[in-house]
Every structure is written in structure tokens, then in C-alpha cells.
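Just below is one structure, and these are the notes that go with it.
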Amino acid sequence: MIFANAQKLERSLASLLKYGTLFASLLMGVGVLSAVSRYGVSASVASSLMTVGVGFVILLPVCRILLMGCLCAFAGEYRFAGIAAVVLTIVAVSCVVGLKLGVAAA
Amino acid sequence: METHTTFVLFFLALGCSVLGGMLGMASGMFIVPALTVVSRMDIHEAIGASLVSVIACSCASAAPYLRGRLTNVRLAALLEIGTTLGALSGVLLVGVVPVRALYLLFAAILLVSAWQMFMRRVEPAAPSAAQVGPRAAALHASYPDPATGRDVPYAIGRIPVGLMLMYVAGLISALLGIGSGVLKIPAMDTALRLPIRVSTATSNFMIGVTGCASACAYFLRGQIVTSVAAPVALGSVVGSIVGAHILMRTPTRHLRVFFVAILVLVALQMLLHGLH
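From first to last, the protein sequence lines are chains A and B.
When you line the first sequence up against numbering that gives the first Met the number 0, it's residues 0 to 105, in that order.
When you line the second sequence up against numbering that gives the first Met the number 0, it's residues 0 to 275, in that order.
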């Protein structure tokens with residue numbers, strides 16, 4: 000990978016993770032404070048905010064792999080774009096397995 | 000959920016994360032025992048909440064390492080194949096492994112961690128020519144040395160062994176809701192022969208994706224209670240920032256024995272839970 004591309008990749012990933020965590024923490028924080036204070040928003044809205052925040056935290060690494068795969072593909076690093084695609088596929092299979100097992104348990 | 004319980008969860012996670020941050024470890028190692036032993040929470044619920052907090056802390060602390068050019072992004076992507084496959088296997092085993100076995104496994108991991116802390120890490124020697132495969136060349140990189148201000152090049156050795164150890168790390172992570180640094184560190188030091196600063200940054204970077212592979216499944220199975228996971232994740236993120244600041248200003252060398260004692264005590268507590 001060309002040095003400039005490597006630095007661009009590292010900077011892009013750093014920004015995504017930093018601002019993504021901030022946004023997710025903000026959502027969870029507002030949700031937790033709303034649930035605790037019991038003023039302003041209803042309990043269901045507070046619960047939804049917490050669920051979206053937690054979901055965002057879980058999806059953040061998926062976004063990171065996606066971004067990495069795209070940047071590598073644009074830079075002509077097809078081997079690493081392929082590796083990112085394999086990792087994404089394994090995460091997707093894990094989701095399907097989790098869903099199937101959840102349905103089976105219910 | 001009661002206001003009191005939310006505050007307890009937040010401050011419990013904050014305390015665990017400060018402790019983890021001071022040791023340079025992920026907080027999952029303390030959060031699961033704290034939630035199960037102190038809050039008397041179901042271990043699967045605690046593991047789900049811990050996974051969310053582990054991902055949040057990994058993402059929050061990854062940016063400075065990336066900007067400092069300490070993370071080997073390409074190596075991390077390759078090793079994540081091993082950790083996510085391990086996490087997938089862990090997801091399949093979650094309902095099969097008895098709860099008592101989970102407590103005993105946790106105790107064993109804590110004891111290994113205490114041993115690692117007691118022994119201290121030493122900078123590994125560079126891999127020999129025989130240990131570096133021809134395909135590893137694309138993964139070799141360099142990192143900036145703050146002492147000299149120059150880039151230090153490094154080579155990567157024995158990738159297949161590293162991948163196997165990463166598979167086990169992913170499996171343990173999914174089963175116990177921890178970052179599995181305890182297994183990633185020997186993999187990176189002994190098999191891949193990475194410099195300590197690079198292995199710390201790369202291991203932390205990988206924790207998010209490893210945790211995500213199992214957390215997605217837990218979330219879709221309804222085993223992540225968001226009213227528990229949200230305050231725990233928030234407390235962990237705040238605690239990891241505070242812990243990292245304390246780590247930079249405190250000579251933890253003197254506190255090492257104290258931390259080893261804490262790890263052994265928590266291990267004994269988990270052992271007792273597993274045996275009863």
C-alpha cells in the first residue's frame with residue numbers, strides 16, 4: 000500500500016471510530032438520563048434511544064470493516080478488500096446463526 | 000428499571016473500567032465478575048452487556064493508536080478472520096456450555112492474566128528468516144519510535160500459528176464477553192513477534208470486530224438487555240478514558256502486586272461460583 004494511502008486509511012478509520020463512539024454514547028446517555036429523570040420523554044422513547052445507541056455500538060465495527068474494504072478496493076488493494084469481505088461474511092453468518100438459535104429457543 | 004439500579008450499573012462499570020484502563024486491559028475481565036457476583040445478574044445477561052462495553056471501549060481508544068500509526072490495519076484484518084470464526088463457534092456453543100463451566104473458564108482466564116501481569120512483557124526478538132513466510136511481506140510495516148523520532152521497521156512471523164491462537168481468542172471472547180487480550184498478547188508476542196506498542200494497538204483495534212461478531216448474535220437472540228447494557232457501556236467508556244489518564248501519570252510498577260492480588264481474588268470468587 001502506498002504510504003499516503005495507508006495514512007488516509009488510518010485517518011478515515013480513526014475519525015469513523017471516534018465520532019461513531021461519541022454519537023452512540025450520546026444516544027445511550029440521553030436514553031439513560033431520560034429513563035432516570037422520568038421527565039420530558041416517555042419510558043418507551045428512553046428505551047428506544049438506549050436500544051438504538053447499543054445497536055449503533057455493535058454496528059460500528061461492521062461500518063469500520065466496510066469502510067476499510069471500500070478504501071482498499073479504491074486503492075487497488077484487492078487482496079485486503081477481499082479479506083474485509085470475508086470478515087463481513089463471517090459476521091453476517093454469525094447474525095443468521097444468532098437469529099436462528101434465538102427463534103429455536105423461543 | 001429502577002433509578003438506583005441504573006446508577007449502580009453505571010458506577011460499577013466505571014470502577015471496573017478505571018481499573019482495567021490502569022492495567023492497560025479491557026474492562027470485560029472485571030465487568031462480568033462484578034455484574035454476576037456483586038449485582039447477582041444472570042451470567043448470559045452480564046456477558047451480553049460486557050460485550051457491548053468491550054466494543055465501545057475498543058472503538059473509543061482505537062483512534063489515538065491509529066493516528067499515532069501504531070496499528071497494523073492490514074494484519075488486524077487478516078487476524079480478524081481467525082477471531083470472528085472463533086466468535087462464530089462461541090455463538091454456537093453458548094447454549095451448550097453449562098453455566099458452571101463458564102465460571103470455571105473465567106477463573107482460569109483470570110489466573111492466566113494474573114500470571115502474565117506478574118511476569119511482565121518483554122520486547123520479543125524479531126522473527127528469523129525461516130519464520131517469515133513469503134506471503135507475509137505485504138504485512139510488514141514500521142512504527143514511529145518516540146525516543147528517536149524515527150520509523151522502526153518490523154517483520155511478521157508465523158501467521159498460521161497466530162491465526163490459530165486468534166481463533167481461540169475469538170471463541171473465549173464470545174463465551175465470556177471479554178476482549179481476550181490475555182490470549183492475543185501471547186499470540187502477537189510469541190507467534191507473530193510484533194513490537195509491544197504495535198501488538199497493544201493492533202489487539203485493541205481487533206477487539207471491536209471480535210466482540211461485534213458475537214454481540215450481533217446475542218442482540219438478535221434478545222440476550223442483550225439494553226437498559227443494562229447502555230449504562231454499563233457508558234460507564235466503561237468514561238472509565239477507560241479516566242483509567243488511561245491515570246496509567247500515564249502513575250508509576251503502576253509499584254501497584255502491580257496489588258493488581259495481581261485483585262485478579263487472583265476475583266478468580267477465586269468465580270471459582271467458588273463455578274464449584275457451588
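Every residue gets a Cβ at the ideal spot worked out from N, C-alpha and C, and that includes glycine.
Closest Cα partner of residue i within the set the options
{"i": "B:Val237", "options": "B:Cys58, B:Leu174 and B:Ala137", "result": "B:Cys58"}
{"i": "B:Ser179", "options": "B:Val111, B:Ala45, B:Ser239 and B:Val37", "result": "B:Val111"}
{"i": "B:Leu264", "options": "B:Leu8, B:Ala76 and B:Pro32", "result": "B:Pro32"}
{"i": "B:Val208", "options": "A:Val95, A:Lys99 and A:Ala91", "result": "A:Ala91"}
{"i": "B:Leu270", "options": "B:Val72, B:Glu44, B:Ala107 and B:Ser60", "result": "B:Ala107"}
{"i": "B:Pro143", "options": "B:Ala48, B:Ile195, B:Arg68 and B:Leu103", "result": "B:Arg68"}
{"i": "B:Val160", "options": "B:Thr189, B:Leu138, B:Ala137 and B:Val95", "result": "B:Thr189"}
{"i": "A:Ser93", "options": "B:Ala100, B:Pro145 and B:Leu84", "result": "B:Leu84"}
{"i": "B:Val224", "options": "A:Ala72, A:Val51 and A:Thr88", "result": "A:Val51"}
{"i": "A:Val31", "options": "B:Ile42, B:Phe6 and B:Leu138", "result": "B:Phe6"}
{"i": "B:Ile184", "options": "B:Ala216, B:Thr147 and B:Met116", "result": "B:Met116"}
{"i": "B:Ala290", "options": "B:Gly242, B:Val256 and B:Val167", "result": "Residue 290 of chain B falls outside the range modelled here, since chain B spans only 0 to 275, and no answer is possible."}
{"i": "A:Gln6", "options": "B:Asn71, B:Val90 and B:Val37", "result": "B:Asn71"}
{"i": "B:Leu191", "options": "B:His139, B:Val181, B:Arg99 and B:Ile240", "result": "B:His139"}
{"i": "B:Phe9", "options": "B:Ser239, B:Ser141 and B:His272", "result": "B:Ser239"}
{"i": "B:Leu87", "options": "A:Gly97, A:Ser46, A:Leu8 and A:Thr20", "result": "A:Gly97"}
{"i": "A:Leu15", "options": "A:Val85, A:Val95, A:Lys99 and A:Leu65", "result": "A:Leu65"}
Classification of residue i by the beta-carbon crowding that lies within 10 angstroms, buried from 16 upward
{"i": "B:Arg149", "result": "exposed"}
{"i": "B:Pro152", "result": "exposed"}
{"i": "B:His275", "result": "exposed"}
{"i": "A:Ala105", "result": "Legend: pLDDT at A:Ala105 = 46, less than 50; position of this residue unreliable, value from coordinates given subsequently. Per the 10 Å Cβ criterion, exposed."}
{"i": "B:Ala97", "result": "Ala is not the amino acid found at residue 97 of chain B; the sequence shown has Pro there. B:Pro97 should be labelled exposed."}
{"i": "B:His244", "result": "exposed"}
{"i": "A:Cys69", "result": "exposed"}
{"i": "B:Leu267", "result": "exposed"}
{"i": "A:Met67", "result": "buried"}
{"i": "B:Phe218", "result": "buried"}
{"i": "B:Gly221", "result": "exposed"}
{"i": "B:Tyr102", "result": "buried"}
{"i": "A:Phe55", "result": "buried"}
{"i": "B:Glu1", "result": "exposed"}
{"i": "B:Ala146", "result": "exposed"}
{"i": "A:Phe73", "result": "exposed"}
Test: residue i CB closer than 7 Å to a CB of chain A
{"i": "B:Ile54", "result": "yes"}
{"i": "B:Val236", "result": "yes"}
{"i": "B:Cys15", "result": "no"}
{"i": "B:Thr4", "result": "no"}
{"i": "B:Arg157", "result": "no"}
{"i": "B:Ala59", "result": "yes"}
{"i": "B:Glu1", "result": "no"}
{"i": "B:Arg220", "result": "yes"}
{"i": "B:Glu79", "result": "yes"}
{"i": "B:Thr225", "result": "yes"}
{"i": "B:Val51", "result": "yes"}
{"i": "B:Thr189", "result": "no"}
{"i": "B:Ala76", "result": "yes"}
{"i": "B:Pro230", "result": "yes"}
{"i": "B:Arg73", "result": "yes"}
{"i": "B:Gly27", "result": "no"}
{"i": "B:Gly207", "result": "yes"}
{"i": "B:Val90", "result": "yes"}
{"i": "B:Ala146", "result": "no"}
Residue-chain proximity (residue i, chain B), Cβ-Cβ < 7 Å
{"i": "A:Val40", "result": "no"}
{"i": "A:Gly97", "result": "yes"}
{"i": "A:Phe79", "result": "yes"}
{"i": "A:Ser187", "result": "Nothing in the structure corresponds to residue 187 of chain A, since chain A is present only between 0 and 105."}
{"i": "A:Val44", "result": "no"}
{"i": "A:Leu65", "result": "no"}
{"i": "A:Val29", "result": "no"}
{"i": "A:Lys7", "result": "no"}
{"i": "A:Gly75", "result": "no"}
{"i": "A:Ala83", "result": "yes"}
{"i": "A:Ala13", "result": "yes"}
{"i": "A:Tyr18", "result": "no"}
{"i": "A:Ser24", "result": "yes"}
{"i": "A:Leu70", "result": "no"}
{"i": "A:Leu59", "result": "yes"}
{"i": "A:Thr50", "result": "yes"}
Counterpart residues of residue i in DSSP-defined beta bridges
{"i": "B:Pro152", "result": "B:Ser141"}
Stretch-stretch touch, CB-based, cutoff 8 Å, three pairs: the region 74-86 of chain B with the region 258-265 of chain B: Below 8 Å, too few C-beta pairs join the region 74-86 of chain B and the region 258-265 of chain B to call them touching: fewer than three.
Meets three-Cβ-pair contact criterion under 8 Å: the region 163-174 of chain B and the region 212-228 of chain B: Touching, yes, given that three or more Cβ pairs across the two stretches are closer than 8 Å.
contact_flag[the region 26-39 of chain B, the region 8-17 of chain B] where n(CB pairs < 8 Å) is 3 or more: As far as the Cβ criterion goes, the region 26-39 of chain B touches the region 8-17 of chain B, which means the pair count is three or higher.
Meets three-Cβ-pair contact criterion under 8 Å: the region 58-67 of chain B and the region 191-203 of chain B: Cβ pair count under 8 Å is three or more, so yes.
Sufficient close CB pairs (3 or more, under 8 Å) joining the region 213-230 of chain B to the region 43-59 of chain B: Taking a cut-off of 8 Å on C-beta distances, the region 213-230 of chain B touches the region 43-59 of chain B, as three or more cross pairs fall below it.
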